[in-house]
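Colleague: First the structure, then my questions, so here it is.
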Amino acid sequence: MKKMKILWIVVVAVIALLVVLWIVFGKKIKILRTSLESFKDENLAYTFQHTPEIQPTKKISKGEEPFRFFKEDNVRLAENFTFNGESCPVGEYIEDTKTTGLLVIQDDTIKYEQYFAGGDEDTLFSSNSMGKSFVSALMGLAVSEGYVESVEDSLGKYIPEFVGTELENIPIKACLQMASGIDFDEDTDMSGFSMRTLMGSPAMKVIAKYGVQEEPYTYRRYLSINTEILGEVIKNATGRSLAEYMEEKIWKKIGMAHDAYWTLSNGTELAMGGLSVSLHDYACFARLYLNEGGYNGEQILPKEWVKDSLDASADYSKPGSNYDAYNAIGYGYQWWVPEGDEGEFMAIGVYGQWIYVNPSNRVIIVKTSADPDFMEKGYELKHVELFRGIAEGIASGEGGKL
């Protein structure tokens, strides 16, 4: 009888413990399970068009006067583009890379717009790491408004968790350029970081423990935690959440036509890539940079910030730096800068999300995808040539009506 009583006490204690764990972690476990299910190959297209329904998010409200691009009938895109000396069919590559939306604009006129896998012009597509370029813009605003004194400031000035650690004296600029030297591997450490933060560990406390592997500005290593750090600097310096700051300073000022949503992690915006935005509004954001930060006669972003953001002249920023496949394209302040003399720049997100801007031809291309093969060798460089082929065809007027 005594053993049975002890057994029941143990059973009740275990049940009580499980109940407490479920109360504390149940919601997070549910989000984790949902996330894992969402990123199965067969679910990607749906996930990237319905993220605000799947994950916790914060709304970014549009303004009252949306900017409208002119609209023409779709032109015929270039039939082929060249990559590594071979001719590649444009239509076939668009299909092969699981494209979900393609928008081509020249001089504020939509030349081509097509959606696949159930989307349309009102669909909000996940940015993934394209969102990093938006964070860069917010940093430019924080600097211009005096919340952040300089990009040369050390991280410890704005992030208390870094004080007394190896990360304290890293300059903000080094994070903007992905040259912070933090001892983190994007391929092997990201899952552990994501798991710890999802289960409640504050992101900055987790990052502070990584330490550094080289001095800032030594090498360019693409680390998404650099952008998380930038987001924390902006939040702490301005006293505003990223979504609130962007709503006031960008979304309601440059004619965004749709509300957007920013995915939350532990109640805080996921700076490394958590936006859901329509293709038209991605293009509006690109247009801001194409026009050197101006909109309707108002300087939204300082011209100098736009210029600095697209500067990949430092040795570690240049295309091919470190002889690293990840660095085949140059890098500015959270913007990718291809090799060439046309001033092109891009935002890129995993699974095939793209904003491409060609100032010489005044062309903006937005391409969203659900491509599980986005890690294929040469994937990014091949897309650059795809976009160049489309842009040159549009600019030359060789595309005919479909």
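Convert by adding 105 to the 1-based position in the sequence shown; the result is the number in the numbering used here. Backbone N, C-alpha and C fix where the C-beta goes; we use that ideal spot for every residue, glycine too.
Decide if the segment 426 to 433 is in contact with the segment 316 to 330; the criterion is three or more beta carbon pairs, one per stretch, under 8 Å apart.
Modeller: yes
Colleague: Determine the DSSP secondary structure at methionine 451, reduced to helix, strand or coil.
Modeller: strand
Colleague: Closest to proline 307 by CA distance: which of Leu369, Asp416, Asn466 is it?
Modeller: Leu369
Colleague: Report the rounded CA-to-CA distance for asparagine 371 versus glutamate 291, giving the unit in angstroms.
Modeller: 21 Å
Colleague: Could you give the distance in angstroms between the alpha-carbon of leucine 246 and the alpha-carbon of methionine 361?
Modeller: 18 Å
Colleague: For glycine 344, name the three-state secondary structure that DSSP assigns.
Modeller: coil
Colleague: Find out if the Cβ-Cβ distance for the pair valine 471, asparagine 233 is shorter than 9 Å.
Modeller: no
Colleague: Out of Ile277, Ser238, Ala313, Pro321, state which residue places its alpha-carbon closest to the alpha-carbon of valine 268.
Modeller: Ala313
Colleague: Taking glutamine 458 as the reference, give the member of Met235, Phe175, Thr270, Glu409 with the closest Cα.
Modeller: Nearest option by C-alpha distance: Met235.
Colleague: Please list, in chain order, all residues of the same chain as proline 477 whose beta carbon is under 6 Å from its beta carbon, the five residues on each side excluded.
Modeller: Asp146
Colleague: Do isoleucine 522 and serine 285 have their C-beta atoms closer together than 9 Å?
Modeller: Nothing about residue 522 can be reported from this structure: the residues present for the chain run from 106 to 507 only.
Colleague: Answer with buried or exposed for threonine 187, where buried requires no fewer than 16 other C-beta atoms within 10 angstroms of its C-beta.
Modeller: exposed
Colleague: Enumerate, from N- to C-terminal direction, the unbroken alpha helix (DSSP H) stretches of 4 or more residues contained entirely within the segment 131 to 199.
Modeller: Within the segment 131 to 199, the complete alpha helix (DSSP H) segments at least 4 residues long are 149 to 154, 156 to 159, listed from N- to C-terminus.
Colleague: Should valine 129 be labelled buried (16 or more other beta-carbon atoms within 10 Å of its own) or exposed?
Modeller: Confidence at valine 129 is low in this model, with a pLDDT of 47, below 50, so its placement is unreliable and no value can be given for it.
Colleague: Which first and last residues belong to the alpha helix (DSSP H) in which glycine 402 is found?
Modeller: Run containing glycine 402: none; DSSP gives neither H nor E here.
Colleague: If I follow the unbroken beta strand (DSSP E) through lysine 412, where does it start and stop?
Modeller: Not the beta strand (DSSP E): lysine 412 falls in the alpha helix (DSSP H), residues 408 to 414.
Colleague: Going by DSSP, what residue range makes up the beta strand (DSSP E) through glycine 206?
Modeller: Unbroken beta strand (DSSP E) run through glycine 206: 204 to 211.
Colleague: Can the beta-carbon of leucine 415 be found less than 9 Å from the beta-carbon of tyrosine 387?
Modeller: no
Colleague: Below 9 Å between beta carbons: does that hold for valine 248 and isoleucine 275?
Modeller: No.
Colleague: What is the DSSP secondary structure of leucine 375, reduced to helix, strand or coil?
Modeller: coil
Colleague: Could you name the residues of the same chain whose beta carbon sits closer than 6 Å to that of proline 443, not counting the 5 residues immediately before and after it, in chain order?
Modeller: Ile434, Glu449, Val489
Colleague: Got a sec? Which residues, its chain only, sit under 6 Å from alanine 342 by beta carbon, not counting five neighbours each side?
Modeller: Ala247, Tyr252, Val253, Tyr263
Colleague: Identify, in the order they occur along the chain, each residue of the same chain with its Cβ nearer than 7 Å to the Cβ of proline 407, setting aside the five sequence neighbours on each side.
Modeller: Answer for proline 407: Gly245, Ser249, Gly398, listed in chain order.
Colleague: According to DSSP, simplified to helix, strand and coil, what is asparagine 427?
Modeller: helix
Colleague: Hey, alanine 452 and serine 299 are a contact pair by Cβ (cut 8 Å); roughly how many whole angstroms apart?
Modeller: Not a contact, Cβ separation roughly 21 Å.
Colleague: Who are alanine 365's beta bridge partners in DSSP?
Modeller: DSSP output for alanine 365 lists Ile165 as bridge partner(s).
Colleague: Return the chain-ordered list of same chain residues with a C-beta closer than 6 Å to the C-beta of threonine 156, the five sequence neighbours on each side being excluded.
Modeller: Ser231, Ser381
Colleague: What residue does the alpha helix (DSSP H) around glutamate 490 start on, and which one ends it?
Modeller: 484 to 501
Colleague: Beta carbon of isoleucine 508, beta carbon of arginine 493: below 9 Å?
Modeller: The structure shown does not extend to residue 508, since the chain spans only 106 to 507, so no value can be given for it.
Colleague: Just to check my reading of the structure: serine 259 and glutamate 271 have Cβ atoms closer than 8 Å, yes? What is that Cβ distance to the nearest angstrom?
Modeller: Not really, about 12 Å apart at Cβ, beyond 8 Å.
Colleague: Around the Cβ of glutamate 337, are there at least 16 other Cβ atoms within 10 angstroms (buried) or fewer (exposed)?
Modeller: buried
Colleague: What residues are listed by DSSP as bridge partners for tyrosine 220?
Modeller: Gly206
Colleague: Distance check for tyrosine 350 and glycine 344, CA to CA, integer angstroms please.
Modeller: 9 Å
Colleague: In chain order, what residues of the same chain lie with their CB nearer than 6 Å to the CB of glutamate 218, ignoring the 5 residues before and after it?
Modeller: Leu208
Colleague: According to the neighbour-count rule (16 or more other Cβ atoms, all chains shown, within 10 Å of its Cβ), is threonine 214 buried or exposed?
Modeller: exposed
Colleague: DSSP three-state label for phenylalanine 230, please.
Modeller: It is a strand residue.
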